[in-house]
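All remarks here apply to the structure that follows.
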Ligand code: ATP
Ligand code: MG
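Numbering (the working numbering), first residue to last: 14 to 402.
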């Protein structure tokens, strides 16, 4: 028996002339995700992407699991391949769906016939297949409104395909079709979720992380690498840029009024991340900020950080409650890593009374004594990168 995986593209259908570009990007992304699982033939026809394993020993459950995390896939299903001959199709459906039909109480059959040369019409295919299934599984009843299982028989160009209900895909748009962006990733809960959300809208990610040894530990960096790794099933490979931030933070501590530490530090992060983003072909920055979650995330504070760089700063979590963000963190399996208790550079030298409503002129004045250009350049020069995934 031969099987394959059928992928339905979601929003892609809306994209008119761009559709081919999107489908091609999706196929490329699927190919990359399955790369080390075995050889697959992946091609498109009639707005469906076909993923055919080229060997019998390939783990199709694992393939389905991986493809469920590829953005741009609206729904997917594992299906059996049968020659376009009705007696064979009928017999195949009885055997192939044994597990699902034995468990179900009710079912219905839906037929799709894109090969109009096939001698039977869809209603006839449904009736005849249904009759064969009722005979083979006498406990079953037909329920056309709310069946436990829907059996699909699709008669397409080269073969017929038999399957049950589709699984939901990851939705969104293929990674890379909206350009690239640099994710400012901390070890926290919010920024990995923010990266996931923007990758879902088709952005390829690079990640920028600031470290301040000895105030932050090797464990904290390892944790960020783990978070990046956990994002790769969704986002693809990620280049992680690690920026040495100690000297900058010490200079801020020594030269600036304490209540402005955090806001100045965040402005520096944006400037550095923007430089790295530009050098790596990115068009935007991404952060995990959410209005009023902490002192540096008031609207006034965000205004002061925003203006530190020219690039658009995407903040997909901006209007989300913590529990909404946490729900996504669970879904993408980053939560348990994010809550490991290692210090982030943001919590080094935190002021006792941070300015919650900073005004830009005051912030600029507070920055006056920093040798900003030299310090920024040192951060850039000391940055190291690593490919994750
Ligand atoms: P998170 O859960 O993402 O850490 P947070 O609610 O703890 O966010 P902050 O610590 O104020 O908030 O950080 C706000 C945003 O700044 C983060 O979402 C992240 O995008 C960025 N950020 C914070 N610390 C770092 C860091 N060490 N390296 C890179 N980006 C950082
Ligand atoms: Mg944080």
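Idealized CB from N, CA, C, for every residue including glycine.
Problem set entry | Residue nearest to residue 6 in terms of C-alpha spacing, selected from 381, 33, 349 | An answer regarding residue 6 cannot be provided, because it is not within the stretch 14 to 402 covered by the chain.
Problem set entry | Cut-off 7 Å between Cβ atoms - residues of its own chain near residue 95, not counting five sequence neighbours on either side | Here the set comprises 101, 102, 105, 172, 173, 175.
Problem set entry | Exposed unless 16 or more other CB atoms sit within 10 angstroms - verdict on residue 31 | Exposed: under 16 other Cβ atoms inside 10 Å.
For this session: Let me know if residue 158 comes out buried or exposed under the rule of 16 or more other beta-carbons within 10 Å of its beta-carbon.
Result: Residue 158 comes out exposed.
Exercise. Can you name the start and end residues of the alpha helix (DSSP H) that residue 246 belongs to?
Worked result: Residue 246 -> alpha helix (DSSP H) spans 231-248.
Exercise. What span of residues does the alpha helix (DSSP H) with residue 117 cover, start to end?
Worked result: It is not in any alpha helix (DSSP H) - residue 117 carries neither H nor E in the DSSP assignment.
For this session: Would you kindly check if the distance between the Cβ of residue 275 and the Cβ of residue 363 is under 8 Å?
Result: Yes, Cβ-Cβ distance for residue 363 and residue 275 is below 8 Å.
For this session: Kindly indicate which three-state DSSP category residue 174 falls into: helix, strand or coil?
Result: DSSP places residue 174 within a strand segment (E or B) once states are collapsed to three.
Exercise. In the structure shown, what three-state DSSP assignment does residue 93 receive?
Worked result: Residue state, collapsed to three classes: strand.
For this session: Decide if residue 68 is buried, meaning its Cβ has at least 16 other Cβ atoms within 10 Å, or exposed.
Result: Taking all protein chains shown into account, residue 68 has fewer than 16 neighbouring C-beta atoms within 10 Å of its C-beta and is therefore exposed.
Exercise. Does the stretch 208-222 touch the stretch 308-319, meaning 3 or more C-beta pairs lie closer than 8 Å?
Worked result: At 8 Å Cβ cutoff, the stretches do not touch.
Exercise. Does the beta carbon of residue 400 fall short of 7 Å from some heavy atom of ligand 1?
Worked result: No, the beta carbon of residue 400 sits no closer than 7 Å to any heavy atom of ligand 1.
Exercise. Grouping DSSP H, G and I as helix and E and B as strand, with all else coil, what is residue 63?
Worked result: In the three-state reduction of the DSSP assignment, residue 63 falls in the strand class.
Exercise. Between which two residues does the alpha helix (DSSP H) harbouring residue 33 extend?
Worked result: For residue 33, the enclosing alpha helix (DSSP H) starts and ends at 32-47.
Exercise. By DSSP, does residue 333 sit in helix, in strand, or in coil?
Worked result: DSSP places residue 333 in coil when its eight states are reduced to three.
For this session: Report yes if the C-beta of residue 309 is less than 7 Å from at least one heavy atom of ligand 1; otherwise report no.
Result: Residue 309 Cβ: within cutoff of ligand 1.
Exercise. According to DSSP, is residue 299 helix, strand or coil?
Worked result: In the structure shown, residue 299 adopts extended strand secondary structure according to DSSP, grouped into three states.
Exercise. Mapping DSSP to helix, strand and coil, what is residue 165?
Worked result: Strand.
Exercise. Taking residue 251 as the reference, which of 222, 277, 323 has the closest Cα?
Worked result: Nearest of 222, 277, 323 to residue 251, Cα basis: 222.
Exercise. Which term fits residue 19, buried or exposed, when burial requires 16 or more other beta carbons within 10 angstroms of its beta carbon?
Worked result: Classification for residue 19: buried.
Problem set entry | Of the listed residues 294, 149, 262, 384, nearest to residue 220 (C-alpha basis) | The shortest Cα separation from residue 220 among 294, 149, 262, 384 belongs to 294.
For this session: Put residue 274 into one of helix, strand or coil per three-state DSSP.
Result: DSSP places residue 274 in the helix class (H, G or I) of the three-state scheme.
Problem set entry | Chain-order list of residues whose beta-carbon lies under 7 Å from that of residue 268 (same chain, five-residue window excluded) | The answer, listed in chain order, is 382, 383.
Exercise. CA-CA distance, residue 114 and residue 130?
Worked result: Computed Cα separation, rounded: 30 Å.
For this session: Would you kindly check if the distance between the Cβ of residue 330 and the Cβ of residue 302 is under 8 Å?
Result: Between residue 302 and residue 330, the CB-CB gap stays under 8 Å.
Exercise. Where residue 366 and residue 272 are concerned, what is the direct C-alpha to C-alpha distance, given to the nearest angstrom?
Worked result: Take the alpha-carbon of residue 366 and the one of residue 272: they are about 6 Å apart.
Exercise. When every heavy atom of ligand 1 is checked, does at least one fall within less than 7 Å of the C-beta of residue 306?
Worked result: Correct: residue 306 has its Cβ closer than 7 Å to ligand 1.
Exercise. Tell me, which residues are paired with residue 400 by DSSP?
Worked result: For residue 400, which the question treats as bridged, DSSP gives the partners 252.
For this session: My understanding is that residue 177 touches residue 277, with C-beta atoms under 8 Å, so please give their C-beta distance in whole angstroms.
Result: Your pair residue 177 and residue 277 does not check out as a contact, with CB atoms roughly 58 Å apart and the cut at 8 Å.
Exercise. What is the DSSP secondary structure of residue 150, counted as helix, strand or coil?
Worked result: Of the three classes helix, strand and coil, the one that applies to residue 150 here is coil, per DSSP.
For this session: State buried or exposed for residue 165, treating a residue as buried only when at least 16 other CB atoms are found within 10 Å of its CB.
Result: In this structure residue 165 is buried. Its beta-carbon is surrounded by 16 or more other beta-carbon atoms within 10 angstroms.
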